[in-house]
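K.L.:
Sharing a structure here in structure tokens format.
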Amino acid sequence: MSKKGSLKTTKRTRLYKQLGVALITLIGLYSLFHHSSKNVSLSTYTTIGSPDYLEPLKYAPSSTALPTDLPVDHNKYTRLLPFKYNGKKEKATFVTLARNSDLYGLINSIKAVEDRFNSKFQYDWVFLNDEEFSDEFKKTVTALISGETKFGLIPNEHWSYPSWIDKKRAADTRKTMKEKNIIYGDSESYRHMCRYESGFFWRHPLLDEYEYYWRVEPDIKMYCDIDYDVFKFMKDNKKKYGFTITIHEFRDTIETLWETTREFLSLYPQHIHKNNMLDFVSDDNGKTYNLCHFWSNFEIASLKFLRSQAYRDYFDYLDHAGGFFYERWGDAPVHSIAASLFLDRDEIHHFEGMGYYHGPYHQCPINDQIRLHNKCACNPNDDFTWKDYSCTLKYYDINNITKPDGWKDHTG
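Mapping of the sequence shown onto my numbering: residues 715 to 1126, in sequence order.
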């Protein structure tokens, strides 16, 4: 090759290299811009039928670094983030009832909720325990949570037998249920938990400042991104109870719950809402209970509802009837019956677009558009929503809600 030809080749090679560098730079700038705008922009609710009016997420850099040593003798811990959400937030919090031994089953739940939702909005998180939380528990969960963490001790009177309960009768019940292999039938602590979740958690002083709560339990999974403020959705749409999974209760655990409820309703007919959802919990206009309930390990709900006179009267009546100990009344049917009878049916909402798991049941959106848009990491074939043992189909039918395309392919 001539010297002149070699020079042309060298210049051409340099030009290609320069073009390559320029192209890589442009790609990098585009990726950076696209990633940044993706993290801070939001235009729509991802739930079917939700209004399209949300403002973009508003963030501001934090000037304070994360402390290297969190205090170990204080009730509150604050995690300082590199970016803080500056948009308007509702008076809302996550609530978790847990023991110190639940810590390492709980951290995956917290991480899932934070990654999929709360890191964007940074709501507070309240932890409640019938014993003092350990320093290890406090430090570990605080490091994972973007909002403020608060730790509360349950008063003894809220986690013990009330004076009117016959403890021997309660013990006999547990023994009988154990012999019948009824789930949690012999558990004393489970009964205290159900009673507490039914009638007391919302009375804890740490929740006084809030209007909404989202209940989170250990060992759950959140399958989908949630890019809108669910608490704002609840308030703007006047929703008071939100759920993901419905199921039938075990009849042997609540043999007299409906009978007791009917007695209550005869004494307090004023608490029944005119546009109630009795047809969700009863197939014969209230004569019997069909066992349908919202699975309360996931709840996004109004604390005002639980603080209402109707709910307070209902819980007090059930509590004095003794069924939390003489049977094994769960907080899920208690909450569900109360919501169905005391709320307007339009105030109850199914979060169809949320992917959720609490063993052994999954909610995975079967709508391809919702599932892909929300980056759901789940198999729609595992979805429990439309199965025979679920009550969600009934909820859709009695409320004349349009079911997603292909729902019949996920029944059985």
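C-beta: ideal position from N, C-alpha, C; glycine also.
#1: For residue 782, which residues of its own chain have a beta-carbon under 8 Å away from its beta-carbon, when the five flanking residues on both sides are left out?
#2: What is the rounded straight-line gap between the Cα of residue 1076 and the Cα of residue 981?
#3: Which residues bound the alpha helix (DSSP H) around residue 891?
#4: Within its chain, find whatever has a CB closer than 7 Å to the CB of residue 946; leave out the 5 residues flanking it on each side and keep chain order.
#5: When you compare each of 846, 955, 1125 and 876 to residue 1016 by their alpha carbons, which one comes out closest?
#6: Consult DSSP for residue 832 and reduce its assignment to one of helix, strand or coil.
#7: Could you check how far apart the C-beta atoms of residue 1042 and residue 936 are, in whole angstroms? I think they sit under 8 Å.
#8: Would you grab the beta carbon distance between residue 918 and residue 866 for me? Rounded to a whole angstrom, and I think it's under 8 Å.
#9: At 3 residues or longer, what runs of the beta strand (DSSP E) sit wholly inside the stretch 949-974?
#10: What residues in its chain sit with their C-beta under 7 Å from that of residue 873, if we drop five residues either side in the sequence?
#11: Distance, Cα to Cα, residue 887 vs residue 895?
#12: In or out: residue 1002 buried (at least 16 other Cβ within 10 Å) or exposed?
#13: If the criterion is Cβ atoms closer than 9 Å, does the pair residue 1103 and residue 1012 meet it?
#14: Residue 1082 lies in the beta strand (DSSP E); which residues open and close that run?
#15: Count the other C-beta atoms from every protein chain shown that fall within 10 angstroms of the C-beta of residue 1063, then say buried if there are 16 or more, exposed otherwise.
#16: In or out: residue 1088 buried (at least 16 other Cβ within 10 Å) or exposed?
#17: Quick one: is residue 878 buried, meaning 16 or more other Cβ sit within 10 Å of its Cβ, or exposed?
#18: Going by C-alpha to C-alpha distance, which of 930, 903 and 861 sits closest to residue 826?
#19: Please determine, among 1101, 965, 883 and 1056, the residue with the shortest C-alpha to C-alpha distance to residue 1131.
#20: Using beta-carbon positions only, say whether residue 1000 and residue 971 come within less than 9 Å of one another.
#21: Write down every uninterrupted run of the alpha helix (DSSP H) in the stretch 1023-1110 whose length is 4 residues or greater and which is fully enclosed by it, in chain order.
#22: Measuring straight from C-alpha to C-alpha, what distance separates residue 952 and residue 1096?
#23: By how many angstroms is the C-alpha of residue 1110 removed from the C-alpha of residue 1120?
#24: Return the CA-CA distance between residue 863 and residue 1098, expressed in angstroms with no decimal places.
#25: Exposed or buried, which one is residue 870 when buried takes at least 16 other CB atoms within 10 Å?
#26: If contacts are defined as beta-carbon pairs under 8 Å, then residue 1028 and residue 1052 qualify, I think. What distance do you get, rounded to the angstrom?
#27: How far does the beta strand (DSSP E) with residue 838 in it extend, from its first residue to its last?
#28: Buried or exposed, going by whether 16 or more other CB atoms sit within 10 Å of the CB of residue 1044?
#29: Take residue 1113 and list the residues in its own chain whose beta-carbon comes closer than 7 Å to its own, dropping the five residues that flank it on each side.
#30: Give every residue of the same chain whose Cβ lies closer than 6 Å to the Cβ of residue 830, excluding the five residues on either side of it in the sequence, and list them in chain order.
#31: Using 10 angstroms around the beta-carbon of residue 1037, count the other beta-carbons present and answer buried if the total reaches 16, otherwise exposed.
#32: With a threshold of 6 Å on Cβ separation, who are the neighbours of residue 809 within its own chain once the five nearest residues in sequence on each side are excluded?
#33: Residue 993: which of 846, 807, 1106 and 852 sits nearest, CA to CA?
#34: Taking DSSP as the reference, what is the three-state secondary structure of residue 1005?
#35: Can you name the start and end residues of the alpha helix (DSSP H) that residue 1018 belongs to?
#36: Determine, using beta carbons only, whether residue 1019 comes closer than 9 Å to chain B.
P.N.:
This is what the structure holds:
#1: Within the sequence shown, residue 782 is the residue found at index 68, counting from 1. Because the pLDDT at residue 782 is just 39, under 50, the model does not fix this residue reliably, and the value given afterwards should be weighed accordingly. No residues qualify anywhere along the chain.
#2: Here the question's residue 1076 lines up with position 362 in the sequence shown. Here the question's residue 981 lines up with position 267 in the sequence shown. Roughly 39 Å between the two C-alpha positions.
#3: What you label residue 891 is simply residue 177 of the sequence shown in a count that begins at 1. 881-893 is the extent of the alpha helix (DSSP H) around residue 891.
#4: Position 232 of the sequence shown, counting from 1, holds the residue named residue 946. Around residue 946: 804.
#5: Position 302 of the sequence shown, counting from 1, holds the residue named residue 1016. If we check each option's Cα against that of residue 1016, 955 comes out closest.
#6: Within the sequence shown, the letter at position 118 stands for residue 832. Reduced to three states, the DSSP call for residue 832 is helix.
#7: Position 328 of the sequence shown, counted from the start, is the residue given in the question as residue 1042. Position 222 of the sequence shown, counted from the start, is the residue given in the question as residue 936. 29 Å between Cβ atoms; not a contact.
#8: The residue labelled residue 918 in the question sits at position 204 within the sequence shown. The residue labelled residue 866 in the question sits at position 152 within the sequence shown. That pair is a contact at about 5 Å.
#9: As for any beta strand (DSSP E) of minimum length 3 sitting wholly inside the stretch 949-974, the runs are 955-957 and 960-962, ordered along the chain.
#10: As a first step, residue 873 must be located in the sequence shown, where it is residue number 159. If the five residues before and after residue 873 are omitted, its C-beta is found closer than 7 Å to the C-beta atoms of 844, 906 and 910, all from its own chain and listed in chain order.
#11: Along the sequence shown, one-based indexing puts residue 887 at 173. Along the sequence shown, one-based indexing puts residue 895 at 181. About 12 Å.
#12: Against the sequence shown, residue 1002 aligns to sequence position 288. Burial check for residue 1002: the Cβ neighbour count within 10 Å stays below 16, so the residue is exposed.
#13: Sequence index remark: in the sequence shown, residue 1103 carries index 389 (1-based). Sequence index remark: in the sequence shown, residue 1012 carries index 298 (1-based). Their beta carbons are not under 9 Å apart, which means residue 1103 does not touch residue 1012 by this criterion.
#14: By one-based count along the sequence shown, residue 1082 stands at place 368. Counting along the chain, residue 1082 falls outside any beta strand (DSSP E), though it belongs to the alpha helix (DSSP H) covering 1082-1087.
#15: Taking the sequence shown and counting its residues from 1, the one referred to as residue 1063 is at position 349. Buried.
#16: Taking the sequence shown and counting its residues from 1, one reaches residue 1088 at position 374. With 16 or more other Cβ atoms within 10 Å, it is buried.
#17: Position 164 of the sequence shown, counting from 1, holds the residue named residue 878. With fewer than 16 Cβ atoms within 10 Å of its Cβ, residue 878 is classed as exposed.
#18: Here residue 826 refers to the residue found at position 112 of the sequence shown. Among 930, 903 and 861, the Cα nearest to that of residue 826 is on 930.
#19: As shown, the chain starts at 715 and ends at 1126. That puts residue 1131 outside it, with no answer to give.
#20: Mapped onto the sequence shown, residue 1000 falls at position 286. Mapped onto the sequence shown, residue 971 falls at position 257. With respect to residue 971, residue 1000 sits apart: the two C-beta atoms are not nearer than 9 Å.
#21: List check, alpha helix (DSSP H) in window: 1023-1035, 1037-1040, 1045-1056 and 1082-1087.
#22: As a first step, residue 952 is located in the sequence shown; it is residue number 238 there, counting from the start. As a first step, residue 1096 is located in the sequence shown; it is residue number 382 there, counting from the start. Distance between the alpha carbons of residue 952 and residue 1096: 31 Å.
#23: Residue mapping note: residue 1120 aligns to position 406 of the sequence shown, counting from 1. Residue mapping note: residue 1110 aligns to position 396 of the sequence shown, counting from 1. Their Cα atoms are separated by approximately 15 Å.
#24: As a working mapping, residue 863 is identified with position 149 in the sequence shown. As a working mapping, residue 1098 is identified with position 384 in the sequence shown. Looking at the two C-alpha atoms, the distance is approximately 33 Å.
#25: Locating residue 870 in the sequence shown gives position 156, where the first residue counts as 1. Label assigned to residue 870: exposed.
#26: Along the sequence shown, one-based indexing puts residue 1028 at 314. Along the sequence shown, one-based indexing puts residue 1052 at 338. Right, the Cβ-Cβ distance comes to about 6 Å (below 8 Å), so this counts as a contact.
#27: For the purposes of this step, residue 838 is taken as residue 124 along the sequence shown, with counting starting at 1. Residue 838 -> beta strand (DSSP E) spans 838-843.
#28: For the purposes of this step, residue 1044 is taken as residue 330 along the sequence shown, with counting starting at 1. Note on residue 1044: 16 or more other CB atoms within 10 angstroms of its CB, so buried under the neighbour-count rule.
#29: Locating residue 1113 in the sequence shown gives position 399, where the first residue counts as 1. Correct list, in chain order: 1059.
#30: For the purposes of this step, residue 830 is taken as residue 116 along the sequence shown, with counting starting at 1. So the qualifying residues of the chain are 936, 939 and 940.
#31: Position 323 of the sequence shown, counting from 1, holds the residue named residue 1037. Looking at its Cβ environment, which holds 16 or more other Cβ atoms inside 10 Å, residue 1037 is buried.
#32: The sequence position of residue 809 within the sequence shown is 95, counting from 1. These residues qualify, in order along the chain: 840, 927 and 929.
#33: Here residue 993 refers to the residue found at position 279 of the sequence shown. With respect to the C-alpha of residue 993, the residue from 846, 807, 1106 and 852 having the closest C-alpha is 1106.
#34: Walking along the sequence shown from the start, residue 1005 turns up at place 291. In this structure, residue 1005 counts as coil in the three-state DSSP scheme.
#35: By 1-based counting over the sequence shown, the position of residue 1018 is 304. From DSSP, the alpha helix (DSSP H) with residue 1018 extends over 1017-1021.
#36: Absent here is chain B; the protein component of the structure consists of one chain.
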